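A.B. asks:
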Amino acid sequence: MSIDLTVMYAAHDAFRRDLERLGKAAADGSAFSPPVRAGWENFRKQLHIHHTAEDSDLWPRVQRRVEGRPEDLALLAEMEAEHGRLDPQLAAVDAALTDRLDELPGLVRALTITLDDHLAHEERSALPLVQEVLTPADWSAFTGRIRETQGLRGAALFVPWIVDGAAPADRAAFFGTMPPPVRVLNRLFWEAGYRRRGLWQA
0 MSIDLTVMYA AHDAFRRDLE RLGKAAADGS AFSPPVRAGW ENFRKQLHIH HTAEDSDLWP
60 RVQRRVEGRP EDLALLAEME AEHGRLDPQL AAVDAALTDR LDELPGLVRA LTITLDDHLA
120 HEERSALPLV QEVLTPADWS AFTGRIRETQ GLRGAALFVP WIVDGAAPAD RAAFFGTMPP
180 PVRVLNRLFW EAGYRRRGLW QA
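Everything in the sequence shown is counted per numbering that gives the first Met the number 0, starting at 0 for the first residue and increasing by one.
1) Under three-state DSSP, which class holds R20?
2) Is it true that the CB of A95 sits closer than 9 Å to the CB of L106?
3) At what residue ranges does the stretch 1-65 contain a whole run of the alpha helix (DSSP H), taking only runs of 4 or more?
4) Since L100 is in the alpha helix (DSSP H), which residue starts that stretch and which ends it?
5) Would the beta-carbon of V181 fall within 9 Å of that of A154?
6) Starting from the N-terminal side, write out each stretch of the alpha helix (DSSP H) that is 4 residues or longer and does not extend beyond the stretch 81-158.
7) For L151, count neighbouring Cβ atoms within 10 angstroms of its own Cβ and tell me buried if that reaches 16, exposed if not.
8) Please report the distance separating the alpha-carbon of A37 from that of P59.
9) Quick one: grab the DSSP three-state call for L74.
10) Closest to D3 by C-alpha separation, out of A13, V129, V162, would be which residue?
11) When you compare each of D116, S124, T176, V92 to L21 by their alpha carbons, which one comes out closest?
12) If I'm right that P167 touches E190 with Cβ under 8 Å, what's the distance once you round it to whole angstroms?
13) Are three or more beta carbon pairs between the stretch 8-15 and the stretch 37-56 nearer than 8 Å?
14) Less than 8 Å between the CB atoms is what I'm expecting for E81 and H117, so what's the real figure, rounded?
15) Spatial neighbours of E79 within its chain, please: C-beta separation below 7 Å, excluding the five flanking residues on both sides.
16) Under a Cβ-count criterion, where at least 16 other Cβ atoms within 10 Å of its own Cβ denotes burial, should E66 be classed as buried or exposed?
17) Using only the alpha-carbon positions, how far apart do P178 and V6 sit?
18) How would you call L110, buried or exposed, if buried means at least 16 neighbouring beta carbons within 10 angstroms?
19) Could you give the distance in angstroms between the alpha-carbon of W138 and the alpha-carbon of D101?
What follows is the structure, given as structure tokens:
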């Protein structure tokens, strides 16, 4: 039985979308507005939760299954190293937003390239390895770690954030992986609460 990676790919798309929004805001001068700053803060939080869970739970699970396979072990080391390379770039963009630095557009472009490269590498090489060596139970344990970190309050933001601006087919695919109570809560409460936050709305 294969692992359903729909939510993983949806999260990657949401990260790309948010950096595209930040790049546009940096270019048109609206990046220092409160809604853009709020969007950036949520992006950083979601990326931190995502990468922390990968480093602490997902990659170690895969590593245990690929002992004695040097190329696969090297790939996992690359995943963690790429996470580490993102950290100073995230800090640089954050400082540029805080201090209203003219260097912001260039810093956002550099961060976007680094994150795009990492996500593409993960999708091209690491996720197929995950599919090969992990079980659905392994994957459920990993996603459970993220759910525990988010909690119900975090889910109320995470779920509508993921599908913000998503194509109808992608939105339907994402909600197809969610249990009915999540779909109901999102429709009745979470989506409206997310809209009221006005993230990225310069």
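Backbone N, C-alpha and C define an ideal beta-carbon position, used for all residues, glycine too. Since the model is a prediction, treat every value here as computed from it, not as a measurement.
C.D. replies: Judging by the given coordinates:
1) Three-state DSSP puts R20 in a helix.
2) Less than 9 Å divides the Cβ of L106 from the Cβ of A95.
3) Runs found: 5-27, 33-52, 58-64.
4) Element bounds for L100: n/a, residue is neither H nor E.
5) Yes.
6) Runs found: 103-120, 126-132.
7) With fewer than 16 Cβ atoms within 10 Å of its Cβ, L151 is classed as exposed.
8) Roughly 32 Å separates the two Cα atoms.
9) Judged by DSSP in its simplified three-state form, L74 adopts helix.
10) Minimum Cα distance to D3 is reached at V129.
11) The option with the nearest alpha carbon to L21 is V92.
12) For a cut-off of 8 Å, the C-beta gap from P167 to E190 is around 15 Å, too long to register as a contact.
13) As far as the Cβ criterion goes, the stretch 8-15 touches the stretch 37-56, which means the pair count is three or higher.
14) Contact holds; Cβ gap of about 4 Å.
15) So the list reads D54, W58, once near-sequence residues are dropped.
16) Answer is exposed; the Cβ neighbour count stays below 16.
17) One alpha carbon belongs to P178, the other to V6, and they sit about 13 Å apart.
18) L110 comes out buried.
19) The alpha-carbon atoms of W138 and D101 are separated by roughly 43 Å.
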